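Student:
In the numbering used here, the protein residues as written are 16 to 370.
Quick look at the structure:
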């Protein structure tokens with residue numbers, strides 16, 4: 016919850032600064048900050064040290080609006096879905112093998128030693144990522160005639176938002192609350208209630224990763240060819256339904272099928288119960304002008320964090336007070352409400368704002 020509170024504090028200024036000062040600077044600063052969270056966690060002598068580590072982890076959200084804007088700025092509008100899909104394909108490749116390796120390491124060395132090993136690995140990877148991005152990322156935001164957007168958020172800022180973006184913000188807020196009800200408990204439910212082993216859970220995550228890699232690009236291409244809205248709707252219906260199906264899973268086989276079903280839905284790029292996804296991000300880029308993209312992403316990230324921050328606490332309370340299945344059932348209902356609002360409230364534009 017602490018890291019999500021930091022997300023609340025940093026995404027909005029990160030988005031405004033990215034539109035004002037440029038995407039690249041904010042992107043590199045946020046990437047470098049990410050290095051310090053695993054450093055603090057690896058040095059932690061007690062659980063209290065997890066608090067500053069969580070704060071630093073939340074601070075990395077500073078660069079997320081700039082990151083999304085860089086991708087949107089760099090892709091041609093008519094191939095934006097495929098571009099996002101290709102990016103997701105490449106970045107999802109590690110998911111094919113790393114969860115399975117993680118399960119083996121945890122089972123062999125225990126959670127304490129296993130986590131410390133991966134924290135040290137994360138430090139090295141974060142430093143390497145910062146260096147690579149420094150030498151390869153170019154600025155994509157060029158202000159016309161020296162004009163820069165305002166760095167102040169006022170009522171007029173919200174009045175100027177397109178109706179579709181306002182509805183998408185509402186959908187994002189509701190869906191985020193729904194997803195975070197169970198986000199922290201999905202693996203716990205699989206291990207303690209369904210009784211899969213750590214190795215089995217790692218294998219399931221590997222299977223999900225394979226599906227994500229295989230279908231991300233086709234999903235983005237479908238978005239370009241047949242429209243963003245249909246793809247988004249598939250994702251935002253499948254994910255809530257999956258939350259309910261978790262509660263009827265009886266073992267490794269059924270849990271695997273359910274996770275695979277959810278992965279297929281997410282491949283359509285609508286984000287499921289999160290803010291994002293290739294089709295979702297492409298639709299935002301189609302509607303919002305380049306000079307406001309990072310700010311809009313920051314506003315959306317902040318508003319979802321405001322509502323979603325206490326959601327995991329509520330999910331834990333429902334788990335302990337009633338039964339472990341209840342958070343997932345409530346998540347399904349709220350998620351389907353968000354999907355309904357999206358379907359009836361968002362009209363997809365016939366062409367991108369850049370055309």
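Heads up, the beta-carbon is just placed ideally off N, CA and C, and yes, glycines get one too. What you are looking at is a predicted structure, and each value in this text was computed from that prediction instead of being measured.
CB-CB under 7 Å to residue 55, same chain, minus the five flanking residues each way: which ones, in chain order?
Tutor: Contacts found: 64, 67, 68 and 71.
Student: Where does residue 58 fall in DSSP's three states?
Tutor: Of the three classes helix, strand and coil, the one that applies to residue 58 here is coil, per DSSP.
Student: Please identify the residue among 213, 92, 89 and 144 whose C-alpha is closest to the C-alpha of residue 121.
Tutor: Selected option, being the one with the closest Cα: 213.
Student: Would you check if the distance between the CB atom of residue 42 and the CB atom of residue 81 is smaller than 8 Å?
Tutor: In this structure, residue 81 lies closer than 8 Å to residue 42 by Cβ.
Student: Excluding the 5 residues flanking residue 231 on each side, which residues of the same chain have their C-beta closer than 8 Å to its C-beta?
Tutor: Counting only Cβ-Cβ distances below 8 Å, and skipping sequence neighbours, we find 100, 101, 103, 104, 107, 282, 284 and 293.
Student: According to the Cβ coordinates, are residue 343 and residue 249 closer than 8 Å?
Tutor: Not in contact: residue 343 and residue 249 (Cβ atoms no closer than 8 Å).
Student: Look at residue 87 and residue 308 and say whether their C-beta atoms are less than 8 Å apart.
Tutor: Taking 8 Å as the Cβ cut-off, residue 87 and residue 308 qualify as a contacting pair.
Student: Where does residue 146 land, buried or exposed, given buried means 16+ other C-beta within 10 angstroms?
Tutor: Burial call: exposed.
Student: Under the assumption that residue 96 contacts residue 312 (Cβ atoms under 8 Å), give the Cβ distance between them as a whole number of angstroms.
Tutor: Not a contact, Cβ separation roughly 17 Å.
Student: Residue 247 to residue 135, Cα distance in whole Å?
Tutor: One C-alpha to the other measures close to 37 Å.
Student: Could you pull the start and end residues of the alpha helix (DSSP H) that residue 218 belongs to?
Tutor: Here the alpha helix (DSSP H) through residue 218 covers 213–241.
Student: Buried or exposed: residue 335, going by 16 or more other Cβ atoms within 10 Å of its Cβ?
Tutor: Flag for residue 335 reads exposed.
Student: DSSP state of residue 38, grouped into three classes?
Tutor: DSSP places residue 38 in helix when its eight states are reduced to three.
Student: For chain C, find out if any of its Cβ atoms is closer than 8 Å to the Cβ of residue 357; answer yes or no.
Tutor: Of the protein chains in the structure, only one exists, and it is not chain C.
Student: For the pair the segment 185–196 and the segment 344–351, tell me if three or more CB-CB distances fall below 8 Å.
Tutor: Contact holds: three or more Cβ-Cβ distances are below 8 Å.
Student: Return the first residue and the last residue of the alpha helix (DSSP H) that residue 79 is part of.
Tutor: Its alpha helix (DSSP H) spans residues 79–89.
Student: Helix, strand or coil, according to DSSP, for residue 267 in the structure here?
Tutor: Helix, per DSSP.
Student: Which word fits residue 278, buried or exposed, when buried means at least 16 other C-beta atoms lie within 10 angstroms of its C-beta?
Tutor: Answer is buried; the Cβ neighbour count reaches 16.
Student: I need the straight-line Cα distance from residue 262 to residue 90, nearest angstrom please.
Tutor: One C-alpha to the other measures close to 40 Å.
Student: Please tell me whether residue 356 and residue 182 are closer than 8 Å, where the distance is taken between their beta carbons.
Tutor: Yes, Cβ-Cβ distance for residue 356 and residue 182 is below 8 Å.
Student: Does residue 145 come out as helix, strand or coil in the three-state DSSP assignment?
Tutor: In the structure shown, residue 145 sits in a helix (DSSP, three-state: H, G or I).
Student: Going by C-alpha to C-alpha distance, which of 133, 138 and 243 sits closest to residue 358?
Tutor: Of 133, 138 and 243, the residue nearest in Cα terms is 243.
Student: By DSSP, does residue 284 sit in helix, in strand, or in coil?
Tutor: Three-state DSSP puts residue 284 in coil, outside helix and strand.
Student: Taking the continuous alpha helix (DSSP H) assigned at residue 301, which residues delimit it?
Tutor: Counting along the chain, the alpha helix (DSSP H) containing residue 301 begins and ends at 293–302.
Student: Quick check on residue 255: buried or exposed, where buried means 16 or more other Cβ atoms within 10 Å of its Cβ?
Tutor: Buried, since its Cβ has 16 or more Cβ neighbours within 10 Å.
Student: Contact defined as beta carbons within less than 8 Å: I believe residue 138 pairs with residue 53. What is the distance between those atoms, to the nearest angstrom?
Tutor: With 8 Å as the limit, residue 138 and residue 53 qualify as a contact, their Cβ atoms being about 5 Å apart.
Student: Please identify the residue among 341, 319 and 39 whose C-alpha is closest to the C-alpha of residue 329.
Tutor: Nearest of 341, 319 and 39 to residue 329, Cα basis: 341.
Student: With distance defined between alpha-carbon atoms, name the residue in 76, 223, 362 and 45 nearest to residue 320.
Tutor: Minimum Cα distance to residue 320 is reached at 76.
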